[in-house]
Every structure is written in C-alpha cells, then in structure tokens.
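Numbering (the working numbering), first residue to last: 24 to 981. Every residue, glycine too, gets a C-beta built ideally from N, C-alpha and C. Given the structure is predicted, the values throughout are model-derived calculations rather than measurements.
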C-alpha cells in the first residue's frame with residue numbers, strides 16, 4: 024500500500040497550510056486532548072506529546088540546576104533593556120539545552136510577569152519589573168525578544184505573559200474583583216501587556232486568578248477585544264493552574280463546569296491548566312459542553328489551531344531546520360559572567376554621605392553582620408543554584424578573609440518543656456551527592472526528609488538560632504545550619520537547608536500562653552497545627568486529628584524559650600571591633616510575602632531593625648545593605664546611617680556583585696523601579712486599583728517619598744545639558760547631552776518624562792516616556808536621542824470613548840530620577856479640543872465617570888459590559904462637562920437590583936426608584952423628569968443594591 028503524503032510535514036509550505044492539513048487529519052477526540060496542558064502523543068501521525076508551561080522568570084525554574092539571574096524586580100532595577108535581552112537569550116538557551124536532555128522541560132515558557140508593581144505590599148512584587156508601564160514594557164520586550172530569538176519563523180522558546188489582568192493581590196486572589204475604571208484600564212493595566220505583544224516576541228498570555236470589574240479574567244471579553252486586536256500573530260491563552268475549576272468551585276460564577284469551560288473557551292482560553300497531568304477531567308468537561316450544545320467544533324478548532332501554530336513555531340515538525348534545536352549553552356562562562364553583570368547592574372545606591380566606596384587596599388577590618396549576610400536566598404520561581412555567592416563570601420573574596428569578621432545576629436535560644444530540653448539528634452547531614460557547587464546542600468533534596476531522626480526532649484539542651492521574620496513568624500536552625508521542618512509524617516526534624524516549597528514547612532508562630540510566664544505554644548504554619556512532645560518524638564498533631572481552636576491549643580506543648588544570647592549583642596561586639604560595618608538585612612522570599620501571601624507592612628522586621636541600630640550605636644561607619652524582593656520604610660535608617668544600598672535577591676552572583684560595588688570596582692547605577700514610601704500610612708488599600716482616584720505610584724502620588732521612582736546614586740557625578748525637543752509629525756524628538764564630571768568611569772540612567780501643563784482632566788504629575796543607560800568615562804559626554812510617539816502624551820477620554828492627545832503645552836523633563844529633573848523643554852501640540860461630553864447622542868456609561876467615591880465597577884452581564892454599584896452610603900459618581908445642548912426634559916437609567924438612583928444636575932435633583940429585579944443582570948429602564956441645558960456636571964448617588972449600567976437623556980424637543 025502506498026504511504027499517503029503528509030503535507031503538514033512539508034517545510035516548504037506555509038505554517039497555515041500545514042496546520043490546515045494536520046487539523047483535517049486529527050479526530051475530534053485528538054483535538055480535544057490537545058486543549059489540556061498535557062497533550063498526549065498522536066502515535067498514528069507520529070506526533071509527540073506536548074505540554075504548555077515552563078517557568079523561566081529569571082532562569083530555568085523547577086527543573087533542577089540552572090543559571091540563576093537576579094529576581095525580575097532586580098532586572099527591572101537595571102533599567103537596561105539590552106542587558107535584559109541578553110539574559111532572556113541565555114535563559115532561552117538553557118531551556119533548550121535542558122530540553123535536549125529532559126523532555127519534561129517545556130519550550131512554551133510562562134514568563135515574564137508584567138503585572139505592574141502598583142502596591143508595595145503585593146506578595147508577588149518580586150515577579151514584576153516596575154510600577155511604571157513604560158519601564159515594564161521596555162524590560163518585557165527585551166526579555167521576550169531574548170527568549171524568542173531572532174529567526175523569522177522558528178522560536179528559541181515561546182514566551183507567555185503573566186497575569187492578565189489587574190492582578191496585584193494574593194489575599195483571596197481567586198474571589199476578589201479589581202475595580203478598574205476605563206482610564207486606568209487603558210492608560211495603565213492594558214499598556215503593560217500591549218507593547219510586548221506588538222513587538223512580536225510574545226506567544227500568548229496567562230489570565231490571572233482574580234476577577235476584573237466583577238468578571239473572572241478567564242472569561243474576559245478583553246482577550247478578544249483588546250489582546251488579539253493588537254497583533255495579527257496567533258496568540259495562545261493558557262489558563263492559570265486550577266482557575267478553570269474556580270469559575271464554579273470558589274467564584275460560583277457558573278453553575279456547572281461544562282458552562283464554565285465553554286465560556287472560557289469561547290472567551291479565548293486555548294490551553295487548560297487544571298488537575299495537573301490528569302487531563303481527563305478537563306477534556307471530559309469539554310466533551311460535555313459539546314454534547315450540551317454550549318460549544319461546537321469550530322470553537323475547538325480555533326483553539327487547536329493556535330496551539331498547533333505555537334508548536335510549529337517551536338520547530339517540533341522541522342527539527343532539521345530549527346536552528347535552536349541543537350543548542351547546548353548551559354552554565355557557560357558567558358552565562359556566569361552575565362549573571363554577575365546583571366547582579367551588579369541591579370544594585371541601587373540609596374544614600375551615600377561619602378563612606379562608599381570602601382578602599383579594598385586599606386588594612387582596616389570589615390564586620391559583615393545581619394541575618395542575610397551569609398545567605399543567598401532564592402524564591403519560588405528560582406532554579407537550583409549551581410554556583411552560590413553570599414555577601415559574606417563576596418566581601419571575604421574581595422577584601423581578604425583575614426580582614427573580615429562575621430556575626431549573623433540570630434538569637435541563640437534553648438527550648439524546654441515538661442519532658443526536658445529540646446534535643447537535635449546527632450546525624451549525618453546528607454550524602455555528598457546532595458551537594459552542589461561549593462558544598463551547598465540542595466534544598467529540594469533535603470526538604471521533607473524522613474530518613475533523619477525526629478527531634479526529642481531530654482536532659483541535654485540543643486542551641487538553636489531563632490530568627491523572627493516579623494508578624495510573629497519564626498524559623499529555628501540547628502548548629503549545623505539545618506532548619507527545623509515538618510515532613511508528611513508530622514515529625515519535626517532538622518532537615519532543611521532553607522525554607523521553601525509551595526507550602527513552607529520551616530516556619531512557626533510563637534503564641535504566648537496566658538498564665539504561664541515565658542511560656543509559648545509553637546504553631547506550625549504549614550500545617551496549621553501545634554507542636555507537641557510525644558513519647559516517640561516532637562511532632563505536630565496527627566493529620567486525622569480533628570482538633571481546632573481551644574481544643575487544639577490545649578493539646579499543644581508549652582515551651583519555655585531561654586535566650587542564651589540576643590543577636591543584637593553579638594552584632595554590637597562585632598561592630599565595635601571593626602573599622603567598618605556592613606549590615607545585610609531583608610527578606611526570605613518564601614516568608615511573609617510571596618505567591619498566595621501579601622505583606623502586611625512596609626516595616627523592616629523588628630529583629631533586623633534592632634541589628635542595624637546596635638551596629639550603628641557601636642560604630643558610626645555602618646552601611647546598611649538591603650537584600651529584598653520589596654521596598655521597606657527605612658525612614659529612621661535613611662536619616663542616621665551614612666550609606667544605604669538595596670538590591671533584589673541577586674541570584675548566584677549576588678555576593679560577588681555587592682562586594683564589587685562596595686569596593687568601587689563598579690559604580691552603582693541601579694535605579695528604583697518603584698516608589699519607596701515613608702510608612703504604611705502613605706499607602707492606599709491593597710484592593711484599591713484606582714491609581715488616579717487614590718493617587719498611587721509616582722504618577723499621581725503627591726507626598727514626599729522616602730526614595731522616589733527612578734532614584735539611584737553613583738560614585739561619579741553627571742551633568743545634563745543642551746536639551747532640544749521638537750514635534751516631527753507624529754513623533755516627539757528629544758536630544759540632550761549627559762557628561763560624566765566625576766573621576767571614575769560609571770553608568771548613568773538618563774530618564775525622560777513628560778507632563779501636561781494645563782490638562783482638562785487629572786493627568787500624571789509626570790510620566791516616563793524614555794530611558795537610556797549609558798557608560799561614560801571620566802570627562803566623557805554623550806548625546807542621547809529619544810524618539811517618542813506623540814500618542815504617548817495622550818490619555819483615555821471617557822467623555823468620547825477614545826484615546827486622545829489633548830492640544831496644549833507639554834513639558835519635557837530629563838533627569839536622574841522622577842524627582843531629580845535637570846533639564847526641561849516645552850512643546851505645543853496643536854489640534855482641536857475634544858469638547859464636552861455629547862450626552863444627548865451617547866448617553867452616559869456608568870463606568871465612564873471622572874471621579875467616584877465609595878463605588879465599584881461590576882459586570883453588566885457575564886459576557887461583556889460594566890456597571891457600577893455602591894460600596895457604602897455617601898457614594899457619588901461625577902461626570903464633568905456634560906453637554907445638554909438646548910435642553911433635556913427626561914433622564915432615564917438602566918439599572919438592576921433594588922433601591923434608587925439620585926441624579927443631580929445644576930443643583931436640581933431627581934430620585935428614580937428601582938423596583939427589585941429578577942437578578943443582578945436583569946437591567947431595566949426607568950425614567951424621571953429632569954430639566955437642564957448647557958454644559959453642566961452630573962452627579963449620581965446610588966442607594967440599595969442598585970447596579971447602574973448607564974444614563975440616557977431625552978431632549979426638550981424630542
């Protein structure tokens with residue numbers, strides 16, 4: 024029998040034609056199977072298995088050893104697009120190299136995260152780049168271009184942007200709704216995704232768990248109305264894990280999983296990440312939806328076509344032509360050097376009164392102290408370290424081990440209960456095979472080990488290092504450096520190299536026991552169970568014990584915690600004996616702020632606050648180096664310490680990079696990618712997504728920050744001169760000269776901002792429209808040219824439902840940060856102003872307000888549209904400059920729910936009663952007399968459970 028030709032295998036044909044052929048050959052069941060994250064092989068056609076999703080946020084994650092680059096927020100702090108592009112290329116090459124040896128490694132990478140760092144208490148802030156859309160977009164474009172490669176047809180990897188849309192809270196993230204007014208939607212949240220998509224290096228997006236305006240992101244009409252309108256390129260939408268089930272289980276948005284799955288597929292979700300590798304659940308729901316008539320085969324084929332185009336672009340069907348197929352670049356010298364370069368460029372010098380740089384040739388001693396001084400912390404999306412450099416390692420190597428002393432500053436404690444002292448059994452800490460480079464134990468191999476003996480209580484006390492990370496969360500570590508951890512069998516062991524894992528098993532909470540002086544219960548946070556001493560060891564309550572509240576607390580063992588030495592005393596002695604002190608503080612990215620857990624405060628944990636204060640009291644030559652995924656309110660430290668630095672967790676070369684900055688080998692040039700506030704009192708609510716109304720981020724914040732967006736100092740000095748700005752058609756062209764007037768070669772980050780001088784609506788105080796990182800020798804100057812689309816000067820005009828560049832004067836500002844402006848110029852944009860709202864023709868969409876108080880936007884229907892409802896009495900919606908022309912006689916509202924709508928125009932108020940409707944989506948029209956003419960403001964107040972969709976006005980002559 025003659026073998027039938029397979030055109031889908033023919034590399035001479037366009038992808039679209041090959042996909043058409045392959046689609047015709049696939050059965051319905053085979054096509055449905057492709058819609059799950061783990062798509063099985065189609066053996067009869069010689070097609071292999073495929074899965075969407077490989078974490079690659081700042082290196083290959085979850086697949087063992089890899090080059091670990093700085094956290095994403097650290098890459099954002101470099102303000103260096105070209106550097107980040109090279110990091111993306113290195114990560115993409117390592118994905119390919121690991122894929123060649125392990126087919127579990129996927130080429131569809133779920134990175135980068137482009138959610139904006141709107142609020143510094145967001146638990147996943149470490150995953151984003153910046154609070155600003157322009158900087159986030161530039162870094163995202165650079166990273167995705169590196170991941171994608173530059174071949175016209177074949178992709179190195181296929182990046183998916185996370186997380187669509189307006190996702191900035193972990194607390195109740197699957198049930199909370201982000202109320203996003205149209206201006207914030209178009210000017211802020213959408214723009215973070217748009218530029219990377221339009222740059223052509225993005226393969227798709229992942230919707231977030233949360234709802235936006237009352238509607239789950241996984242059924243958002245914006246996927247089709249916005250995302251897929253930005254490009255003609257095929258984009259794959261991959262669901263977040265478990266989110267398809269949430270549509271029914273936690274969000275209760277649909278009654279059945281078949282309805283939910285059909286709605287998500289129709290909205291644009293192509294690949295369902297749910298129930299792990301058990302694809303039968305999701306494919307069964309898809310078949311059920313087909314049988315119920317909720318879907319048709321066209322819906323299936325549309326999604327499969329996008330997935331096949333992704334697979335073709337990754338070279339799956341053309342291994343001989345795919346130039347990336349044989350990539351072997353993994354842990355190369357170039358990658359190691361790049362990791363160090365990125366870590367160096369991410370360091371931000373916040374303050375320097377002349378103490379830095381330190382002269383490595385001087386013979387004075389340096390005390391390196393602090394809870395992160397000898398740590399190289401990873402996060403949930405890190406790979407396993409091959410190389411490791413802590414601040415202590417780096418400073419010893421650069422300044423000489425004989426000059427460097429160390430004091431961690433953990434409290435040294437003993438724990439005692441009625442059965443005696445807590446004891447750590449003598450044990451081997453693991454086979455040498457468990458050790459990576461430089462002898463570092465692999466946390467993935469140690470965590471949860473049950474082959475080690477559990478803790479016991481007896482006559483001989485064990486000394487433990489206790490660290491309080493804030494919020495009452497502590498970790499305990501034995502003298503060998505192993506953290507106390509709880510394994511699946513419930514026993515407490517000294518078995519973990521670092522806290523980690525999806526559910527961290529190494530954290531406990533101290534609870535004082537009333538009536539027992541010095542007595543504490545220990546709550547194991549990972550299991551939510553109390554620690555107790557049993558005859559066979561120390562453990563948490565058995566999993567099958569149904570105890571809670573007072574019963575659980577009563578079953579807990581009461582421990583007395585004896586402090587042998589306070590950490591601040593150790594630090595003070597080390598500081599007093601040294602010429603200079605480096606205090607390293609910060610966070611562990613698995614504790615008190617991470618995916619699933621928001622932060623509760625900007626304050627540095629009290630234990631770490633005590634450490635820098637003790638060091639400074641003992642030695643005024645104290646440098647505070649903050650190594651963290653988030654900003655802190657370091658108001659007191661900034662006032663009294665001579666030098667402060669910040670870096671995100673810098674990956675494998677973090678310590679070396681910090682040491683080279685301290686020594687002056689490299690002049691610091693990192694810049695803050697988000698505002699550092701003075702205190703929690705400066706922050707809006709975590710769930711307040713209206714950056715305009717609540718004056719969030721540097722764009723609208725009217726206070727004085729501790730350190731502003733774009734801030735960062737240098738060991739050199741720079742002047743800005745010769746600014747020129749002109750409009751050239753649809754482009755704004757700006758040029759200026761930056762000169763290094765210092766004595767050392769250094770980088771400067773020239774930042775370009777724009778401000779509307781007399782806007783008709785609230786506009787940003789200033790907005791970043793360009794940046795350039797420059798390396799300049801002493802005395803050298805460089806002319807810098809910026810080209811900005813005039814559309815970047817615009818805003819979303821809610822009065823007319825369009826993007827508008829308002830005619831008028833714009834101030835162009837250039838400088839070293841958002842508040843350090845060195846040069847200004849002005850340009851005038853011509854044209855006719857938009858004019859007032861044409862309400863007689865368009866009516867008023869309720870969500871198109873200019874200002875609001877105590878309201879939120881909700882879904883008008885499950886498929887599309889917005890409405891507004893009250894969150895508290897005293898609410899108000901304000902619509903400015905509504906044009907009633909010659910006059911109106913009637914106002915009509917479209918509303919659901921029950922209550923009343925109060926409309927005020929020109930001092931005249933009318934109440935419109937809204938009788939109870941048959942559900943939240945049962946919108947009905949109600950009207951009342953109202954006379955007005957001319958251009959006037961409209962104010963609306965809602966009472967009861969009313970959901971207001973819009974208002975219409977009937978003219979006096981109609």
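### Message
As an exercise, report each continuous beta strand (DSSP E) stretch of at least 3 residues that is fully enclosed by the region 149–211, in chain order.
### Response
181–187
### Query
Span of the beta strand (DSSP E) holding residue 475?
Residue numbering aside, residue 475 sits at position 452 when the chain shown is read from its first letter. Looking at the DSSP string, residue 475 is not in any beta strand (DSSP E), and its letter there is neither H nor E.
### Task
Mark residue 819 as exposed unless 16 or more other C-beta atoms lie within 10 angstroms of its C-beta, in which case mark it buried.
On the chain shown, residue 819 is found 796 positions in, with the first residue counted as 1. With 16 or more other Cβ atoms within 10 Å, it is buried.
#### Entry: Local conformation of residue 584 per DSSP, three classes
On the chain shown, position 561 is the one that residue 584 refers to. DSSP places residue 584 in strand when its eight states are reduced to three.
### Task
Decide if residue 139 is buried, meaning its Cβ has at least 16 other Cβ atoms within 10 Å, or exposed.
On the chain shown, position 116 is the one that residue 139 refers to. It is buried - the Cβ of residue 139 has at least 16 other Cβ atoms within 10 Å.
### Query
The beta strand (DSSP E) spanning residue 563 covers which residue range?
What you label residue 563 is simply residue 540 of the chain shown in a count that begins at 1. It spans 560–563 - the beta strand (DSSP E) in which residue 563 sits, taken as one unbroken run.
### Task
Determine which residues share a DSSP beta bridge with residue 925 and list them.
Numbered from 1 along the chain shown, position 902 holds the residue referred to as residue 925. DSSP lists 934, 964 as partners of residue 925.
### Task
Specify, as a first and last residue, the run of the beta strand (DSSP E) that residue 229 falls within.
Taking the chain shown and counting its residues from 1, the one referred to as residue 229 is at position 206. Residues 227–230.
### Member of 765, 757, 835 whose CA lies at the smallest distance from the CA of residue 810
Counting from one through the chain shown, the residue named residue 810 turns up at place 787. Among 765, 757, 835, the Cα nearest to that of residue 810 is on 757.
### Task
Assess, as a yes-or-no matter, whether the region 494–505 is touched by the region 527–544 under the definition of 3 or more beta carbon pairs within less than 8 Å.
yes
### Message
Looking only at its chain, what residues have a beta carbon closer than 8 Å to the beta carbon of residue 364, apart from the 5 residues adjacent to it on each side?
### Response
Position 341 of the chain shown, counted from the first residue, corresponds to residue 364. 106, listed in sequence order.
### Task
Pull up the distance between the alpha-carbon of residue 226 and that of residue 339, whole angstroms please.
Taking the chain shown and counting its residues from 1, the one referred to as residue 226 is at position 203. Taking the chain shown and counting its residues from 1, the one referred to as residue 339 is at position 316. If you take the alpha carbons of residue 226 and residue 339, they lie about 15 Å apart.
### Message
I need the DSSP call for residue 76, collapsed to helix, strand or coil.
### Response
Along the chain shown, read from residue 1 onward, the residue named residue 76 stands at position 53. Correct three-state label for residue 76: coil.
### Query
Under 8 Å between the Cβ atoms of residue 943 and residue 918?
As a first step, residue 943 must be located in the chain shown, where it is residue number 920. As a first step, residue 918 must be located in the chain shown, where it is residue number 895. No, these two residues do not count as a Cβ contact at 8 Å.
### Task
To the nearest angstrom, report how far apart residue 699 and residue 706 are at their CA atoms.
The residue given as residue 699 occupies position 676 in the chain shown. The residue given as residue 706 occupies position 683 in the chain shown. Whole-angstrom Cα-Cα distance: 10 Å.
### Query
In whole angstroms, what is the alpha-carbon distance linking residue 111 and residue 947?
Residue numbering aside, residue 111 sits at position 88 when the chain shown is read from its first letter. Residue numbering aside, residue 947 sits at position 924 when the chain shown is read from its first letter. Going by the C-alpha atoms only, they are around 52 Å apart.
### Close-in-space but distant-in-sequence residues of the same chain around residue 725 (CB under 6 Å, 5 per side omitted)
Working through the chain shown from its first residue, we reach residue 725 at position 702. The answer, listed in chain order, is 718.
### Task
Count the other CB atoms, across all protein chains shown, that sit within 10 Å of the CB of residue 300; report buried if there are 16 or more and exposed otherwise.
Taking the chain shown and counting its residues from 1, the one referred to as residue 300 is at position 277. With fewer than 16 Cβ atoms within 10 Å of its Cβ, residue 300 is classed as exposed.
### Query
Start and end of the beta strand (DSSP E) containing residue 745?
For the purposes of this step, residue 745 is taken as residue 722 along the chain shown, with counting starting at 1. Run containing residue 745: 741–751, per the beta strand (DSSP E) assignment.
### Task
Give a yes or no on whether the C-beta atoms belonging to residue 158 and residue 734 are separated by under 8 Å.
Residue mapping note: residue 158 aligns to position 135 of the chain shown, counting from 1. Residue mapping note: residue 734 aligns to position 711 of the chain shown, counting from 1. Not in contact: residue 158 and residue 734 (Cβ atoms no closer than 8 Å).
### Task
Quickly, what does DSSP pair residue 626 with across the bridge? List them, please.
Here residue 626 refers to the residue found at position 603 of the chain shown. BP columns for residue 626 are empty, so no partner.
### Message
Quick check on DSSP: helix, strand or coil for residue 553?
### Response
Translated into the one-based positions of the chain shown, residue 553 becomes position 530. Strand at residue 553.
### Task
Tell me whether residue 236 sits in a helix, a strand or coil according to DSSP, three-state version.
Taking the first residue of the chain shown as position 1, residue 236 is located at position 213. Coil, per DSSP.
### Message
Could you give the first and the last residue of the continuous beta strand (DSSP E) run that contains residue 899?
### Response
Stepping through the chain shown from its first residue, residue 899 is reached at position 876. That run of the beta strand (DSSP E) goes 899–906.
### Query
If you drop the 5 nearest sequence neighbours on each side, which residues of the same chain put their C-beta closer than 6 Å to that of residue 834?
Mapped onto the chain shown, residue 834 falls at position 811. The answer, listed in chain order, is 778, 780, 847, 849.
### Query
Which residue comes first and which comes last in the alpha helix (DSSP H) that contains residue 247?
The sequence position of residue 247 within the chain shown is 224, counting from 1. Start and end: 245–248.
### Task
Pick out the complete alpha helix (DSSP H) segments inside the region 104–138, 4 residues or longer, and give them in chain order.
104–124
### Query
Taking all protein chains shown into account, do 16 or more other C-beta atoms lie within 10 angstroms of the C-beta of residue 121, making it buried, or fewer, making it exposed?
Walking along the chain shown from the start, residue 121 turns up at place 98. Buried, since its Cβ has 16 or more Cβ neighbours within 10 Å.
### Query
Going by alpha carbons, who is nearest to residue 644 out of 660, 271, 495, 257?
The residue labelled residue 644 in the question sits at position 621 within the chain shown. The shortest Cα separation from residue 644 among 660, 271, 495, 257 belongs to 660.
### Query
Between residue 206 and residue 191, what straight-line distance do the alpha-carbon atoms span, to the nearest angstrom?
Numbered from its first residue, the chain shown carries residue 206 at position 183. Numbered from its first residue, the chain shown carries residue 191 at position 168. Between residue 206 and residue 191, the C-alpha separation is close to 18 Å.
### Message
Using the three-state DSSP reduction, which class does residue 277 fall into: helix, strand or coil?
### Response
Within the chain shown, numbered from 1, the residue matching residue 277 stands at position 254. Three-state DSSP puts residue 277 in coil, outside helix and strand.
### Message
Which of the three DSSP states is assigned to residue 977 in this structure?
### Response
Your numbering for residue 977 matches position 954 in the chain shown. Residue 977 falls in the strand class under three-state DSSP.
#### Entry: Endpoints, beta strand (DSSP E) assigned at residue 609
Residue mapping note: residue 609 aligns to position 586 of the chain shown, counting from 1. Its beta strand (DSSP E) spans residues 603–609.
### Query
Quick one: what's residue 256 bridged to in DSSP?
Counted from its first residue, the chain shown places residue 256 at position 233. Residue 256 is not bridged to any residue.
### Query
Taking the beta strand (DSSP E) that residue 534 falls in, what are its first and last residues?
Along the chain shown, one-based indexing puts residue 534 at 511. 531–535 is the extent of the beta strand (DSSP E) around residue 534.
### Task
Please report the residue range of the beta strand (DSSP E) in which residue 808 lies.
Position 785 of the chain shown, counted from the first residue, corresponds to residue 808. It spans 804–812 - the beta strand (DSSP E) in which residue 808 sits, taken as one unbroken run.
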